[in-house]
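Numbering (the working numbering), first residue to last: 413 to 457. Report on the following structure.
Put into structure tokens, the structure is as follows:
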């Protein structure tokens, strides 16, 4: 059934250890504003 399939997939995903993207996003959350960009007029361009 759909519920059984969802449960099986859920168990597989919970037990996986290749969480690079998830872990990386937690690290980058605290690195400052995401929209910091240098304007060309500011750097002389």
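All C-beta atoms, glycine included, are put in the ideal place defined by N, C-alpha and C.
Does DSSP classify residue 413 as helix, strand or coil?
coil
Express the C-alpha separation of residue 448 and residue 419 in angstroms, rounding to a whole number.
41 Å
In three-state DSSP terms, what is residue 419?
helix
Nearest-angstrom Cα distance between residue 434 and residue 424?
16 Å
My output table needs one value for residue 451: the three-state DSSP class, helix, strand or coil.
coil
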